[in-house]
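Presented below is the structure to which this report refers.
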Amino acid sequence: MSLAASSRSVRAVYLLTVAGTVLWLAAVFLAPWLAARGAPGAARFIYAVFSSVCHQIPDRCFVFQGHPLAVCGRCLGIYAGFAAGLVLYPLVRGFSRPALPPARIFLLLTLPMAVDAAVGILGVWVSPIGFRFATGLAWGTLLPFYLVTGISDLLSTRNKRAAARVLEKTTPKKVE
Amino acid sequence: MNAQKPEYLRPALIVGAVAGLLSGLPFFGLFNCICCLWIVGGAAMAAKLLSSKTPGILKPSDGAIVGALTGIVAALVSTVLTAALKPDVETARRVLDWLSSLGIEQPSNIDSLLERGSSFLSPGWLLLGLFVSAAVYALMGVLGGIIGVSLFARKAAPPAPPTASGPSDAA
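Protein chains in written order, with our numbering: chain A, 193 to 368; chain B, 11 to 181.
Given below as structure tokens:
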């Protein structure tokens, strides 16, 4: 799929995504750190924020400073994978030719996590936390290739539309 | 670029409502633990629906828009459902007291659990939860919408239907 996104908008989206990912990952560790430092109110707020995306079952979370992280092992794997994908992005894709990953790569990296999670929820098998982290990591690595590409395409499309509108306004109309 | 803007709202409303319903229901909501399955999957389905209703080729930006809208709708529905299904803490406490009078032992942290559960369902927390989940679900929806475009969208525009005057129109 060819995209109209310019190298400049891809770079801008990439840098914003990197900043957002660093903050998000830091917040995951900040919650237990605050709890350990005797700031339960602030810690509780961060745990509450992450509760909308994760079950936060303590047995399934890695522990930091004696308290569970704000998300489970699988979610941490996804976020860590996302960060790893961002590191790989310029090497694999570059900023000048954004394109979405092929469907077979998506299926290949999604399948382990999907199967692991499904059998877990159905009570067939309870996987160890390290395995959850690993399957989440594999899936998360793929996600920046979608997000950065899609958002930069959105920005680029908007810029082009805005430029076209300006051009339309400034071009004198033909008088019949 | 598509000559006409796709109709984003309809697929977002339909799929977002279903995704929000599934996210807010007990047990089914558990599947959101797989990286917001209902939201990411729902946004991908919204992109599929959008693709089937749009004559041109969808771009990743179209997926991002429909996905974000789907996520916001899902967050609204899910929060309303959570508020509607909120457990009655007082009744739960009475049942526990009754069980206790029968000699059935209660977990030591039951009071703090009940208190925590009721405080998370207060109007303030629900409103905060709505804002947080709308932001997070919108982001996850963007991701799902873009994935949906890559998986389901047409790779080439369908051939134009033949006209009465023949194919020489474009010439």
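Glycine included, C-beta positions come from ideal geometry on N, C-alpha and C. Just so we're clear, the structure is a prediction, and the values are computed from it rather than from any experiment.
Cβ-based burial, residue i [other Cβ within 10 Å; buried from 16]
i: B/Phe37; result: exposed
i: A/Ser288; result: exposed
i: A/Phe237; result: exposed
i: A/Pro250; result: exposed
i: A/Ile297; result: exposed
i: B/Asp107; result: exposed
i: A/Ala227; result: buried
i: A/Val384; result: Because chain A in this structure spans residues 193 to 368, residue 384 of chain A falls outside the shown range and cannot be described.
i: B/Ser88; result: buried
i: A/Arg350; result: exposed
i: B/Val25; result: buried
i: B/Lys69; result: buried
i: B/Asp179; result: Low per-residue confidence applies at B/Asp179: pLDDT is 42, beneath 50, and the placement is therefore not dependable enough to give any value.
i: A/Gln248; result: buried
i: A/Val214; result: exposed
Secondary structure of residue i, DSSP reduced to three states
i: B/Phe37; result: coil
i: A/Pro224; result: helix
i: A/Ser244; result: coil
i: B/Pro65; result: coil
i: B/Pro70; result: helix
i: A/Pro260; result: strand
i: A/Val340; result: helix
i: A/Val255; result: strand
i: B/Val50; result: helix
i: A/Arg285; result: coil
i: A/Thr333; result: helix
i: A/Gly277; result: helix
i: B/Ser178; result: For B/Ser178, the predicted model reports a pLDDT of 43, less than 50, meaning its position is unreliable; a value from the coordinates is still stated below. Note: B/Ser178 maps to helix in three-state DSSP.
i: B/Leu19; result: helix
i: B/Pro133; result: helix
i: B/Leu95; result: coil
Residue of the options minimising C-alpha distance to residue i
i: B/Leu35; options: B/Gly77, B/Met150, B/Leu68, B/Ala93; result: B/Ala93
i: A/Gly230; options: A/His259, A/Phe337, A/Ala276, A/Pro290; result: A/His259
i: B/Asn20; options: B/Ser33, B/Ala53, B/Leu31; result: According to the sequence shown, residue 20 of chain B is Arg rather than Asn. Comparing Cα-Cα distances from B/Arg20 to each of B/Ser33, B/Ala53, B/Leu31, the minimum goes to B/Ala53.
i: B/Ala22; options: B/Leu161, B/Ser33, B/Gly155, B/Leu40; result: B/Gly155
i: A/Thr209; options: A/Asp308, A/Val358, A/Ala276; result: A/Ala276
i: B/Ser160; options: B/Gly39, B/Ala74, B/Ser111, B/Lys15; result: B/Ala74
i: A/Ile270; options: A/Leu292, A/Ile313, A/Tyr239, A/Ala326; result: A/Ala326
i: B/Gly81; options: B/Leu68, B/Phe162, B/Phe141, B/Lys165; result: B/Phe141
i: B/Leu136; options: A/Gly212, A/Leu268, A/Ser243, A/Ala218; result: A/Ser243
9 angstroms Cβ cut-off: residues of chain D touching residue i
i: A/Ile343; result: In the structure shown, chain D cannot be found, because the protein chains are A and B.
Residue i CB to nearest heavy atom of the ligand NAD below 7 angstroms
i: B/Leu86; result: Among the ligands in the structure shown, none appear at all, so the ligand NAD cannot be discussed.
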